[in-house]
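Student:
There are 2 protein chains.
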Amino acid sequence: MSQKAVTVKDVKIKDSFWSPIQDLVMDFMLPYQADILEDKADIEVKSHAVQNFRIAAGEAEGEFHGMVFQDSDVAKWLEAVAYALTVKSNPDLEKRADEIIALIGRAQEEDGYLNTFFTVKQPEHKWLNLQECHELYCSGHMIEAAVAYYEATGKDELLKIMRRNADLICSRFGPPETGKLRGIPGHQEIELALMRLYYITGEKSYLETAQYFLDERGREPNFFAEEAAKLDWHHFGMKPENREYAQNHLPAKEQTEAVGHSVRAVYMYAAMAALAAETKDEEWLKACRTLWGNIVNKRMYITGGIGSTVAGEAFSIDYDLPNDTVYAETCASVAMVFFARYMLEIEPKGEYADIMEKMLYNGALSGMQQDGRRFFYVNPLEVVPGVSGKLFGHKHVLPKRPEWYGCACCPPNLARLITSLGQYAWAQSDDTVYCHLYVGGLAELNLADINVETNYPWDGKVKIAFTQKNNPSYTFAIRIPGWCKDWTLSLNGQPVKAEVKDGYAYITREWETGDIVELNLPMEPKRMYANTAVRADIGTVALQRGPIVYCLEEVDNGPNLAALHLPRDAKLLPKKTNLKGLGDVVLIEAEGLRIESSSDLYSDTPPQSKPAILRAVPYYSWGNRESGGMRVWIHE
Amino acid sequence: MSQKAVTVKDVKIKDSFWSPIQDLVMDFMLPYQADILEDKADIEVKSHAVQNFRIAAGEAEGEFHGMVFQDSDVAKWLEAVAYALTVKSNPDLEKRADEIIALIGRAQEEDGYLNTFFTVKQPEHKWLNLQECHELYCSGHMIEAAVAYYEATGKDELLKIMRRNADLICSRFGPPETGKLRGIPGHQEIELALMRLYYITGEKSYLETAQYFLDERGREPNFFAEEAAKLDWHHFGMKPENREYAQNHLPAKEQTEAVGHSVRAVYMYAAMAALAAETKDEEWLKACRTLWGNIVNKRMYITGGIGSTVAGEAFSIDYDLPNDTVYAETCASVAMVFFARYMLEIEPKGEYADIMEKMLYNGALSGMQQDGRRFFYVNPLEVVPGVSGKLFGHKHVLPKRPEWYGCACCPPNLARLITSLGQYAWAQSDDTVYCHLYVGGLAELNLADINVETNYPWDGKVKIAFTQKNNPSYTFAIRIPGWCKDWTLSLNGQPVKAEVKDGYAYITREWETGDIVELNLPMEPKRMYANTAVRADIGTVALQRGPIVYCLEEVDNGPNLAALHLPRDAKLLPKKTNLKGLGDVVLIEAEGLRIESSSDLYSDTPPQSKPAILRAVPYYSWGNRESGGMRVWIHE
């Protein structure tokens, strides 16, 4: 029985953890990002993204400024605003969005073409350099924004604009036997966008073109090489023969390992999963499962970070997960949430939602400063003062979140993830409601209205109240997290027998309004160990409580965090507290050791250990107080 | 009382460890290197170094080929041949050297100028780009060769050639008030060469110019920037503002930290030490001691490797000693032997000779394949299959010694070190003989002939027999290694009372021919620990026996060496054996553990350990058998 994630409009989040973050994004971050996009914010980097549209629309003089994909900053902001307007109304924000949408319409060319870089700066180069020039990528993001804005507000102006654009793309690119041109995007994104456009319009050509781009990728002859051979110019100087970088080394269906630029990769995998969910094509399903498995079983940090090397912002090899030279781009973790969502549509397995949860509470959320002003692109698991951000191989690993970047992909990506959280929490089919995430608030679903109360992730009690609609007979399926062994489930205060399968507990019955299901997840802090194939983590332990991965910061533990040891028998004490800049959190404290060596550089005197209280804070919260060292994996 | 290292001619080495290596260098490596320099060897890289001289001499047609410092390969080879001819006679090798020396003379220009790159290729650019173009560097190496060849053979043809060249340099560069031009070498080397030329000629201008180059370095205004501003061409594209790279950031006398390109740095420090030893200038002495201390106490691997980052082949910051991304160039460890030798001339302290020994038996010797055909430039402390030599940040870390390089600095540098070993083992003053290293063979010194018998470093017994000359009353000083606590010393079989000071035991008496001093150094294998400030080594232990540092290789221990643990109470068993490709060595075996994790990437199940015999081999010998992982620091 096919199940689909709900839309963001179906869920009203009222959650002690996420609501303050959503409020921050809505009340501060999105207006602030709009100021940046309109060059009204007092920051060093000039965005010029909105001004580019004005120039393209013929309403301002000047030159295009920014990255070739500068338009996508506006698109992702619009998408986030769309979701935000479902969280709570914000007429000012909606007005700003509407004005920008109208501007986008005026910047669109007659035939539906929309890209300010080419309209303003290089009109003679349109569509000639797909490898480097991100036209399809920008269209993709704007299509996603259009779909979201329509779903959220019912307004279809942007949707019409982007259908014209999508129609242009679909009429241009396709199998040569249909009279169309061969082509694949340099940075995947259009595929997922066309899938989403297909969902709400039912227009088959969007599905077909999405499938065409996925099918064509990695085929011979190398499209990017053929394209480059025809050009006497380049944009970035990318090498078409570096095929793995853009997942162009094998037909996508035949790919088995996550390689190359991690955001490109996972945007593609998410689209593949959406296509597989839609078509039930066994080959696509198999490729999705294999690539998913390769990432989560061999190429992912415990925080959910993926893409372990700065060279190409890319996946490395199996188990190569250095903590201090890591890339782990925020956008890649965001993309994994998309991938997981579509894998869940293929098959409701807890392992997908577990990863979605891991990203949300750790490696994606860590990208954002708690004041909404600063963002990490790179999410390290170890920061060393004097080394991180400074030395060769570590220069990209910043010890402090920087302000808005020239390449501003991550901040609006986080904004759109956080404001659309509701759609990841729930799914439904004709006869089953799925609860993937434990997020407080009301889900207005086809089968019932379901209200969740919880202090998750600090507390493991999740109380779920049902209000019935027409048909009282259906199945309620709730994820049992992979990290939890001793969970209990009750119905109206009594233990309930539920069928447990693939990480979900299923309760099928005649539901009555007022029924209460309660899931209890013991939240004892746990020691986590990496596979010994992960060379960087041998001899170390990480701390986790519920879905939250912890880290040590210098501000709590003093300098040289590498010299701290956590003996295997030390008791881990959770400690609820309110930390300046961190809000309400549960810390973990333990009686550890600080190793002190002889003062010699090398000595045959073994280092001695002195007692030291270790205090671990949630990973996502690091870097919000005094800057200094940080470390996830602690020596045992 | 001033003491001087002996010359290489004074010592006839007959040592179970070093003689086979010297024989290999003499019988195979030097003829083989000559074949390479003359393009007669069957290898991929073309040297062309001798041919460049032929073209410069007008005796061949063609273009210059190779690095701008290609001449220095010939110079270092000649220097090594010179030393080799003191080890044993080799008329073929001497003939080849004499012919090349004659050719060098014919390639020299009228005014003494000697550099085939500029003579052949860019005569209009002579002396204009000292930062990049290595003219003074090449002269320096050829001067060292000239001094060595004269000392070894008594033949002065090359010495005359290089005195003309040195005179040209000394007449050109110097303080402006003397009417000379300001200048400093881009790659230090000329300073030490001029010091050596001064020692054997007594010509003050050589000393003065060496001192000028050292004094002028790091002064304002930035010489390299001034020079570059006058040029409309560059050679490598070096940045003059990157002053630390070439130790040009502060007056050399005021430098306190070892920074920048490690070979440049230590060649300079060695020259500074030679100057300090000669002049007794307190400021130079202080700078030398400070820089020495910074290296050996904060910036040196346990193997003696120095220069921990590939970026600039350079020193990094204090305690930043990553094992797997290390540079640790062979030439830099060779240079530390030179530095140590001159520090010993300043003050006979065991710490200097200890480091000399550490380099010789570990981080320098590791540069050479045991067949003399292949060489490491980079000497890692951890090699990981699939990572080393392949991934970003690890590409320079080769898991196997390569053949001769285009930039062939290290192979002849090793050759000249190994053939000149004798001069590092002994020193003498008017009334004292110093034994710095325990190398078997006969030292013919002013005060006595002293014969050493030993199986060092495999055995700690060093038997020293004296044959008297005129004055029987003098002091014999023998180093007590810093790594040894329970040493004993006897004279003619009886315990002897010796004054021990700064790492040397002093015996003053009337010596008789036939006297035997025996030093016994217990050779129990030891666990070594790094300072906890060395982040990379926390929680690990290294093995050492005598001066030999050990490592684990995959060929002996199976894959994933990082998963092996050596418990602190495991007994370390030395095991004398003969290993294919390694010859006679003492291994260390111990009952260790192999850690096995759950097959999950992350799990709350602690890894389990299974017994595993660990077998460690001498570090210098690694990479001589099957290729695979290697690791010096073992998890405890």
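Chains as they are written, first to last, in the working numbering: chain B, 1 to 636; chain H, 1001 to 1636.
Don't be surprised by glycine CBs; every beta carbon is placed ideally from N, CA and C.
No experiment lies behind these values; they were computed from the predicted model shown.
(1) Expressed to the nearest angstrom, what Euclidean distance is found between the alpha-carbon atoms of residue 629 of chain B and residue 612 of chain B?
(2) What number of angstroms, rounded off, separates the C-alpha of residue 1307 of chain H from the C-alpha of residue 1403 of chain H?
(3) Would the stretch 1069-1080 of chain H and the stretch 1144-1160 of chain H be scored as touching if the rule is three or more Cβ pairs under 8 Å?
(4) Pull up the CB-CB distance for residue 1384 of chain H and residue 1320 of chain H, whole angstroms please, since I reckon it's below 8 Å.
(5) Of all the residues that make up the stretch 523-540 of chain B, which are near chain H by a beta-carbon distance shorter than 7 Å?
(6) By alpha-carbon positions, which one of B/574, B/130, B/154 ends up nearest to residue 457 of chain B?
(7) Please report the Cβ distance between residue 214 of chain B and residue 191 of chain B, rounded to the nearest whole angstrom; I am assuming they are in contact, meaning their Cβ atoms lie under 8 Å.
(8) If I measure Cβ to Cβ from residue 141 of chain B and keep anything under 8 Å in the same chain, skipping five residues before and after, which residues do I get?
(9) Please compile the residues from chain B whose C-beta is within a distance smaller than 9 Å of the C-beta of residue 1552 of chain H.
(10) Report yes or no: is there a C-beta of chain H within less than 9 Å of the C-beta of residue 1 of chain B?
(11) Got a sec, what are the start and stop residues for the alpha helix (DSSP H) residue 339 of chain B sits in?
(12) Cβ of residue 1611 of chain H less than 9 Å from any chain B Cβ?
(13) Which residue spans inside the stretch 1394-1457 of chain H form an unbroken alpha helix (DSSP H) run of at least 4?
(14) Rounded to whole angstroms, what's the CA-CA distance from residue 1 of chain B to residue 430 of chain B? Just pull it up for me.
(15) In three-state terms, what does DSSP make of residue 1202 of chain H?
(16) Where do the ends of the alpha helix (DSSP H) carrying residue 131 of chain B lie?
(17) Going along the stretch 1557-1580 of chain H in order, which residues come within less than 8 Å of chain B, judged by CB to CB distance?
(18) Assuming the contact rule is C-beta atoms closer than 8 Å, residue 1217 of chain H and residue 1251 of chain H should be a hit. Round their C-beta distance to whole Å, please.
(19) Between the stretch 1006-1026 of chain H and the stretch 583-592 of chain B, do at least 3 Cβ pairs fall closer than 8 Å?
(20) Ordered along the chain, which non-local residues of its own chain (more than five positions away) have a Cβ less than 7 Å from that of residue 1438 of chain H?
(21) Quick check on residue 1001 of chain H: does DSSP put it in helix, strand or coil?
(22) Taking residue 1592 of chain H and residue 1570 of chain H to be in contact with their CB atoms under 8 Å, please state how far apart those CB atoms are, rounded to whole angstroms.
(23) Can you find a CB in chain B that lies within less than 9 Å of the CB of residue 1160 of chain H?
(24) What does DSSP give as the partner residue(s) for residue 1510 of chain H in the beta ladder?
(25) Which chain B residues are close to residue 1635 of chain H, counting only those with a beta carbon under 8 Å from its beta carbon?
(26) Strictly below 8 Å CB to CB, what residues from chain H border residue 607 of chain B?
(27) What are the boundary residues of the beta strand (DSSP E) that includes residue 570 of chain B?
(28) Are the CB atoms of residue 608 of chain B and residue 599 of chain B nearer to each other than 9 Å?
(29) Run the CB neighbour count on residue 494 of chain B, radius 10 Å, all protein chains shown included, and call it buried at 16 or more, exposed below.
(30) Of all the residues that make up the stretch 1287-1306 of chain H, which are near chain B by a beta-carbon distance shorter than 8 Å?
(31) Is there a Cβ of chain B sitting closer than 9 Å to that of residue 1256 of chain H, yes or no?
(32) Whose C-beta lies closer than 6 Å to the C-beta of residue 477 of chain B among residues of the same chain, with five residues either side of it excluded?
(33) Start and end of the beta strand (DSSP E) containing residue 1528 of chain H?
(34) For the stretch 1577-1604 of chain H, enumerate the residues whose C-beta is nearer than 9 Å to any C-beta of chain B, in chain order.
(35) Who are the neighbours of residue 1521 of chain H on chain B, taking C-beta pairs under 9 Å?
(36) So, is the C-beta of residue 392 of chain B closer than 9 Å to a C-beta in chain H?
Tutor: If we stick to the structure as given:
(1) Within the first sequence, numbered from 1, the residue matching residue 629 of chain B stands at position 629. Within the first sequence, numbered from 1, the residue matching residue 612 of chain B stands at position 612. Spanning the two alpha carbons is a distance of roughly 17 Å.
(2) Here residue 1307 of chain H corresponds to residue number 307 of the second sequence, with the count starting at 1. Here residue 1403 of chain H corresponds to residue number 403 of the second sequence, with the count starting at 1. In a straight line, the C-alpha of residue 1307 of chain H is about 22 Å away from that of residue 1403 of chain H.
(3) yes
(4) Here the question's residue 1384 of chain H lines up with position 384 in the second sequence. Here the question's residue 1320 of chain H lines up with position 320 in the second sequence. The Cβ separation is near 19 Å, so there is no contact.
(5) 526, 527, 528, 529, 530, 531, 532, 533, 535, 538, 539
(6) Within the first sequence, numbered from 1, the residue matching residue 457 of chain B stands at position 457. For residue 457 of chain B, the nearest C-alpha among the options comes from B/574.
(7) Working through the first sequence from its first residue, we reach residue 214 of chain B at position 214. Working through the first sequence from its first residue, we reach residue 191 of chain B at position 191. Right, their Cβ atoms sit about 6 Å apart.
(8) Reading the first sequence from its first residue, position 141 is the one you call residue 141 of chain B. For residue 141 of chain B, where only same-chain residues beyond five positions count, the Cβ hits under 8 Å are 71, 72, 75, 76, 79, 189, 193.
(9) What you label residue 1552 of chain H is simply residue 552 of the second sequence in a count that begins at 1. Correct list: empty, because the minimum Cβ distance to chain B is about 14 Å.
(10) By one-based count along the first sequence, residue 1 of chain B stands at place 1. At residue 1 of chain B the pLDDT is 40, less than 50, meaning the model places this residue with poor confidence; the figure from the coordinates comes in the next sentence. Judged by the 9 Å Cβ criterion, residue 1 of chain B is not in contact with chain H.
(11) Within the first sequence, the letter at position 339 stands for residue 339 of chain B. 330-346 is the extent of the alpha helix (DSSP H) around residue 339 of chain B.
(12) Here residue 1611 of chain H is taken as the residue at index 611 of the second sequence, counted from 1. Closer than 9 Å: no.
(13) 1410-1419, 1422-1425
(14) In the first sequence, the residue the question calls residue 1 of chain B occupies position 1. In the first sequence, the residue the question calls residue 430 of chain B occupies position 430. A caution first: residue 1 of chain B carries a pLDDT of 40, below 50, which makes its placement in the model too unreliable to give a value.
(15) The residue given as residue 1202 of chain H occupies position 202 in the second sequence. Correct three-state label for residue 1202 of chain H: coil.
(16) Here residue 131 of chain B refers to the residue found at position 131 when the first sequence is read from its first residue. Note, residue 131 of chain B: alpha helix (DSSP H), 130-133.
(17) 1560, 1562, 1563, 1565, 1568
(18) Here the question's residue 1217 of chain H lines up with position 217 in the second sequence. Here the question's residue 1251 of chain H lines up with position 251 in the second sequence. The pair is a contact, with the Cβ atoms about 7 Å apart (cut-off 8 Å).
(19) no
(20) Translated into positions along the second sequence, residue 1438 of chain H becomes position 438. 1452, 1454, 1456, 1462, listed in sequence order.
(21) Position 1 of the second sequence holds residue 1001 of chain H. Any reading at residue 1001 of chain H must be qualified, since the residue scores a pLDDT of 40, below 50, and its modelled position is unreliable; the value itself is stated next. In the structure shown, residue 1001 of chain H sits in coil (DSSP, three-state: anything other than H, G, I, E or B).
(22) Residue numbering aside, residue 1592 of chain H sits at position 592 when the second sequence is read from its first letter. Residue numbering aside, residue 1570 of chain H sits at position 570 when the second sequence is read from its first letter. The Cβ separation is near 6 Å, so the contact holds.
(23) Taking the second sequence and counting its residues from 1, the one referred to as residue 1160 of chain H is at position 160. No, no contact with chain B.
(24) As a position in the second sequence, residue 1510 of chain H is number 510, starting the count at 1. Paired residues: H/1473.
(25) Residue numbering aside, residue 1635 of chain H sits at position 635 when the second sequence is read from its first letter. Here the neighbours are 538, 539.
(26) Counting from 1 along the first sequence, the entry for residue 607 of chain B is found at position 607. By Cβ distance, chain H contributes 1529, 1532.
(27) Here residue 570 of chain B corresponds to residue number 570 of the first sequence, with the count starting at 1. Neither: residue 570 of chain B is in no beta strand (DSSP E) and is coded neither H nor E.
(28) Residue numbering aside, residue 608 of chain B sits at position 608 when the first sequence is read from its first letter. Residue numbering aside, residue 599 of chain B sits at position 599 when the first sequence is read from its first letter. Not closer than 9 Å, so no.
(29) The sequence position of residue 494 of chain B within the first sequence is 494, counting from 1. Residue 494 of chain B comes out exposed.
(30) 1296, 1297, 1298, 1300, 1302
(31) Here residue 1256 of chain H refers to the residue found at position 256 when the second sequence is read from its first residue. Not an interface residue.
(32) In the first sequence, residue 477 of chain B corresponds to position 477, counting from 1. Excluding sequence neighbours, residue 477 of chain B sits near 432, 434, 504, 506.
(33) Mapped onto the second sequence, residue 1528 of chain H falls at position 528. Unbroken beta strand (DSSP E) run through residue 1528 of chain H: 1526-1530.
(34) 1594, 1595, 1596, 1597, 1598, 1599, 1600, 1601, 1602, 1603, 1604
(35) Here residue 1521 of chain H refers to the residue found at position 521 of the second sequence. The premise fails here: residue 1521 of chain H is roughly 14 Å from chain B at the closest Cβ pair, so nothing lies under 9 Å.
(36) Indexing the first sequence from 1 puts residue 392 of chain B at position 392. Answer yes: the Cβ-Cβ gap between residue 392 of chain B and chain H drops below 9 Å somewhere.
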